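Using this note's numbering, you'd call the opening residue of the sequence shown number -17 and step up by one each time. Remarks on the structure that follows.
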Amino acid sequence: MSEAAVATAGIDAAQDMRFMQLALALGRRGLGRTWPNPAVGAVLVKDGIIVGRGWTQPGGRPHAETEALKHARKAARGATLYVTLEPCSHQGKTPPCADAIISAGVTRVVSAMEDPNPDVAGKGHERLRARGIAVEVGLGSEEARRDHVGHIARMRDGRPHVLLKLAVSADGKAAHAGRKPAAITGEAARERVFWLRAQSDAILIGMGTALSDNPALTCRLPGMLPASPVRVLFDAKLQVPIASNLVATARETPTWVFGARNASTMAEEILTAKGVEVLRLDARNGLFDLKQVLKLLTDKGISRLMVEGGPRVAASFVKADLVDEALLFRGPKPIGADGIDALDDLPLSALTQSSKLVSRGSEPIGADTLEHFERR
């Protein structure tokens, strides 16, 4: 290859990466809003100029590719499509994106990764290649896998990706004695949590947290309230107070309550009248089988679940080896020996030194520190 050809290839590679980075950024706009479908980003480029862009719309449709094609119109002919996940090839509630790409006259597709959905799993790429479209797979794959962890877990494991969020004092506590709430982290950490909620399909807490904190579990950043996730509550006896924030705002922000099969039908009727959806499961000593919980959430389309409280619920997910990712917000002040341990009856090392998780480092957030762990 000549020096000129090498230089041109370098420019093309840099351009490909730049446009893929844009597609990834666009796809992230849909995180937490597109379930049951993955949040995909797409960019159409012709002669170095962006002619169309799109991302999966709320509720999962339209798909990113068809949004980009709609904006590009006739300019899509002869263009390159950058997309963060393999275009679908099967007929669902909408026609296959692969067919739309072919019909639009796109000549090249740069795809970050193959779709783990068995209905697709390479068939979209194959269909495009069969019609003479150049297909390249793998650019930006590491970032795409992080963005699509929920979709991957749902397809591969039949359950949502579980992110455990903990706020822990300097001495490893989560609350004052008697499970009284403690202000552990500062404003910067709380804002990060709001962003995490916005990127989650659902957020889960236990009854203890609901009673002690009376949380709203919403995204309290300017303009972000509509991005709040589904709120999920473990309440085997269906005793959550009607005046609680979760119930009082159930018509504005979806609220699902897990109750035992033998819990009061009258209580369910009262909650339902307030806009709460009650989900019944078997419960033993007031505790649910977490695998059954995750299966039910998966069946309802949830792919990214954030577990936010409290210590008992957090410990139950750690014990069941169902934590895929953990974010540990450490505050600078201690609570004291009589405080409640962050993982209830487990030492914090059960998470931080788990053989199933690996540390991805830490970063300062205001006066607090955020530690990040991921499944190996």
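Note that CB positions come from ideal geometry on N, CA and C, so glycine has one too. Small disclaimer: the values here were computed from a predicted structure and weren't measured.
Span of the alpha helix (DSSP H), counted from its first residue to its last, around residue i
i, result
"K162", "K162 -> no alpha helix (DSSP H), and no H or E assigned at all."
"L413", "An answer regarding residue 413 cannot be provided, because it is not within the stretch -17 to 358 covered by the chain."
"I252", "T247 to A255"
"A332", "S331 to T334"
Residue i, buried or exposed, once every other Cβ within 10 Å from all chains shown has been counted against 16
i, result
"S341", "exposed"
"A(-9)", "A caution first: A(-9) carries a pLDDT of 47, below 50, which makes its placement in the model too unreliable to give a value."
"E307", "buried"
"I224", "exposed"
"D217", "buried"
"M248", "exposed"
"E124", "exposed"
"S114", "Sequence check: residue 114 is Gly here, not Ser. That one is exposed."
"S331", "exposed"
"A34", "Position check: residue 34 holds Gly in this sequence, whereas Ala was assumed. Looking at its Cβ environment, which holds 16 or more other Cβ atoms inside 10 Å, G34 is buried."
"G12", "buried"
"G188", "buried"
"G42", "buried"
"I134", "buried"
Of the residues the options, the one placed nearest residue i, counting alpha carbons only
i, options, result
"D139", "I185, L304, W177 and G313", "L304"
"R202", "P223, A170 and R358", "A170"
"R128", "V117, T254, S285 and A86", "S285"
"A86", "G268, A54 and E251", "A54"
"K147", "D29, M288 and K56", "M288"
"N196", "S226, K338 and Q221", "S226"
"P98", "G41, S194 and P20", "P20"
"L253", "Q221, R358 and V33", "Q221"
"P40", "A180, E250, F270 and K219", "A180"
"N267", "H107, D281, A242 and K256", "A242"
"S336", "G318, R358 and V295", "R358"
"L310", "E68, T38, R174 and G34", "R174"
"E68", "A58, T89 and H107", "H107"
"R312", "T334, A319 and K162", "T334"
"V300", "L328, D281 and G60", "L328"
"G60", "D29, E234, A46 and L263", "D29"
"V27", "H45, K56 and T38", "K56"
"G390", "R161, Q274 and A46", "Nothing can be reported for residue 390, as the shown portion of the chain is limited to -17 through 358."
Contact set for residue i: own chain, Cβ-Cβ below 8 angstroms, skip 5 residues either direction
i, result
"G321", "S151, D153, K155, A156, A157, H158, A159 and A164"
"T48", "G36, T76, C79 and A82"
"P100", "M137"
"D183", "G14, W17, G132, P142, P211, V212, G283, I284, S285, R286 and L287"
"K277", "G140 and R141"
Extent of the continuous beta strand (DSSP E) to which residue i belongs
i, result
"D350", "D350 to R357"
"A308", "E307 to R312"
"A242", "T237 to A242"
"A319", "No beta strand (DSSP E) contains A319, which DSSP labels as neither H nor E."
"P346", "L339 to I347"
"A149", "H143 to V150"
"V222", "Premise fails: V222 is in no beta strand (DSSP E) and is neither H nor E."
"E259", "E259 to L263"
Other residues of its chain near residue i: CB distance less than 6 angstroms, five sequence neighbours each side excluded
i, result
"A349", "G168 and P314"
"T191", "G291 and G292"
"T66", "A5, L6, G9, V22, G23, A94 and A126"
"G104", "E96"
"Y64", "F1, M2, A5, V25 and V92"
"V119", "S93"
"E345", "L352"
"A245", "K219 and L220"
"A(-4)", "none"
"A265", "A218 and A242"
Neighbourhood of residue i by C-beta, 7 angstroms cutoff - its chain only, sequence neighbours within 5 removed
i, result
"D(-2)", "V92 and L121"
"V258", "V229, A232, T237 and V239"
"I185", "R179, L199, P211, R213, V214, M288 and E290"
"A379", "Outside the displayed span of the chain (-17 to 358) sits residue 379, for which this structure offers no information."
"K256", "I224, V229 and A232"
"K338", "D303, R357 and R358"
"R111", "V117"
"D326", "P293, R294 and A297"
"S71", "P78, A80, V102, K105, G106 and R109"
"L207", "T200 and C201"
"L343", "First, the amino acid is wrong: residue 343 is Gly here, not Leu. If we look at G343 and ignore the five residues flanking it on each side, its Cβ neighbours are H354."
"V(-12)", "Reliability fails at V(-12), whose pLDDT of 38 lies under 50, so the model's placement of it is uncertain and no value is given."
Check: residue i C-beta below 7 angstroms from any heavy atom of the ligand FAD
i, result
"R179", "With respect to the ligand FAD, the structure offers nothing, as it holds no ligand at all."
**Prompt:** In chain order, which continuous runs of the beta strand (DSSP E) of length 3 or greater are located wholly inside the region 55 to 133?
**Reply:** 62 to 65, 90 to 93 and 116 to 119
**Unbroken stretches of the alpha helix (DSSP H), 4 residues or longer, contained in the region 177 to 215** = 189 to 195
**Request:** With a floor of 4 residues, list each alpha helix (DSSP H) that falls wholly inside the region 265 to 296, ordered by position along the chain.
**Result:** 272 to 281
**Prompt:** What residue ranges within the region 24 to 49 form continuous alpha helix (DSSP H) runs of no fewer than 4 residues, ordered along the chain?
**Reply:** none
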